[in-house]
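Worksheet: one structure, shown below.
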Amino acid sequence: MNFGLSAAQRRLLEEVAVAAEGILDGPLADDPDPAAVAKAWQVATDRGLTGLCVPVEHGGRGLGALDTALALEALGAAGLDTGFAFGIAAHLLACAVPIRDFGSGALHADLLRDLATGRVAANAMTEPDAGSDVSRLATTAVPDGDGYRLDGIKSFVSNGPIADWLVVYATTDPAAGYLGVSAFAVPRTTPGVRIGPLLRKTGLRGCLAAEVTFAGCRVGAANLIGAAGAGSQIFQAGMHWERACLAAIYLGSMATQLRQCVAHARARRQFGRALTDFQVTAHRLAVMRQRLESGRLLLQRACWLLDEGDPEASTAAALAKVAVSEAVVANGLDAIQVHGSTGVLTATGVDAVLRDGLPSTIFSGSTEIQRDIIVAGLLS
């Protein structure tokens, strides 16, 4: 068992760190102008960051799950806004991956290349009443001629305000429950698509989000991702990648945060001694590193299992997601304690990792859902 990185992986980390410089530096004090975020997306595209796991033949880098996670960790450590990095990850893992793995040849040839070379995608799954329960989606897709008519409301659509394409999950057969959901690739410009106002969030501000309404929105059969009725399976497959890989962004931000905490604790003196001379502070730093390293091991194992096609990957991804999401919140609180009163001043940015980390225990399935998955793996 080799825990070291290959020469190619080390080069990847260096390339991503350089590519991330100056794109959309964080933390953002307020919600950014959508035009500024769209401009940052174009820069990220030009630097090869928006097609990491898109196949090479369609304009991407062709990375597997582990290498994608390594790249996302490098993004998280690079100093750009965590929300912007989150938006790139959502674009890739919740949109490009399902199209890559289940889409038709035509979608591969056209849409995947678009997503790798500048077009932005948003995942339209969550609903006001159903959350992400795929068996209870109120959004419908009714057969209409040689296509479908979509009607419904999607909430918390990450990247929605700047998206060119929406990956939409809708009920096509209400009687079939889990097997009655289908997935569609819908252009933003389709008549009947309406993007709501920006949602103001505690953190992840560089990832713009909005409610999206579909009213008599007609799409062709060619816009169907995979087979009719396969939407739930497609969504879950994408979630395995999202749960395993996306949290790597937080590993990067936690690593940077820990270095900053150590530097502060060494420099700050109380009662004639450095903070690191006090066991309570030293142990706090030790526990912060323990959480970081434990989360990284679980996450990288989950990604390796995904790359191997191992059925254990689902449980491993849930374990990783719980560990990293809980770690980033706990470390965020500890970082404030290490910095003392300056830790609660927004001007210092010490609270940024905590604010950006709070949503991590909810998105991609809450911590409680992840524990259900873990228990199911134990009992299967």
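The letter at position 108 of the sequence shown is residue 108 when you use the UniProt record's numbering, and the numbering goes up by one with no holes. Note that the Cβ used here is the ideal one computed from N, Cα and C, for glycine as well.
DSSP bridge partner residues for residue i (one or two, in chain order)
i: Ile373; result: Per DSSP, none; premise fails for Ile373.
i: Pro143; result: Tyr148
i: Tyr169; result: Ala183
i: Gly216; result: Gly216 is not bridged to any residue.
i: Gln270; result: Arg273
i: Arg194; result: Thr213
i: Val97; result: Its beta-bridge partners do not exist; DSSP assigns none.
i: Val157; result: Ala210
i: Ile225; result: Ala183
DSSP three-state assignment for residue i, whether helix, strand or coil
i: Asn123; result: strand
i: Asp307; result: helix
i: Gly26; result: coil
i: Ile362; result: coil
i: residue 407; result: The first residue shown for the chain is 1 and the last is 380, placing residue 407 beyond what the model contains.
i: Leu137; result: coil
i: Leu199; result: coil
i: Val350; result: coil
i: Val56; result: helix
i: Leu63; result: coil
i: Arg47; result: coil
i: Gly103; result: coil
i: Glu14; result: helix
i: Arg188; result: coil
i: Arg259; result: helix
i: Glu21; result: coil
i: Arg205; result: coil
i: Ala237; result: helix
Buried/exposed call for residue i, threshold 16 Cβ in 10 Å
i: Asp146; result: exposed
i: Gln370; result: buried
i: Lys39; result: exposed
i: Pro161; result: buried
i: His283; result: exposed
i: Glu14; result: exposed
i: Phe3; result: exposed
i: Gly83; result: buried
i: Phe156; result: buried
i: Pro359; result: buried
i: Gly340; result: exposed
i: Ser158; result: buried
i: Pro191; result: exposed
i: Pro27; result: buried
i: Gly177; result: exposed
i: Ser380; result: exposed
i: Gly295; result: buried
i: Asp101; result: exposed
i: residue 384; result: Nothing about residue 384 can be read from this structure; the chain reaches only from 1 to 380.
i: Glu73; result: buried
i: Leu378; result: exposed
i: Gly238; result: buried
i: Asp372; result: exposed
i: Arg355; result: buried
i: Glu127; result: buried
Nearest-angstrom Cα separation, counted from residue j out to residue i
i: Arg200; j: Asp31; result: 7 Å
i: Gly51; j: Phe278; result: 46 Å
i: Arg243; j: Asn331; result: 20 Å
i: Arg136; j: Ala130; result: 6 Å
i: Arg47; j: Gly22; result: 12 Å
i: His108; j: Val54; result: 10 Å
i: Asp25; j: Ala77; result: 11 Å
i: Leu5; j: Tyr250; result: 19 Å
i: Gly118; j: Gly79; result: 22 Å
i: Ala274; j: Leu292; result: 24 Å
i: Asp64; j: Asp144; result: In the sequence as displayed, the identity of residue 64 is Gly instead of Asp. One C-alpha to the other measures close to 38 Å.
i: Cys303; j: Phe271; result: 46 Å
i: Gly87; j: Ala124; result: 13 Å
i: Pro197; j: Arg269; result: 47 Å
i: Ala8; j: Thr189; result: 40 Å
i: Trp241; j: Leu285; result: 30 Å
i: Thr213; j: Gly309; result: 36 Å
i: Thr361; j: Ala247; result: 10 Å
i: Gln260; j: Leu319; result: 27 Å
i: residue 398; j: Val181; result: Any answer about residue 398 is impossible in this case: the structure gives the chain only from 1 up to 380.
i: residue 410; j: Ala85; result: The chain is shown from 1 up to 380; residue 410 falls before or after that span and cannot be answered.
i: Ala352; j: Ala267; result: 21 Å
i: Gly357; j: Ser325; result: 7 Å
Closer than 7 Å: residue i CB and nearest the ligand PLP heavy atom
i: Ile153; result: Of ligands this structure carries none, so the ligand PLP is not represented either.
Alpha helix (DSSP H) segments (min. 4 residues) lying fully within the segment 275-344 | Runs found: 279-308, 313-339.
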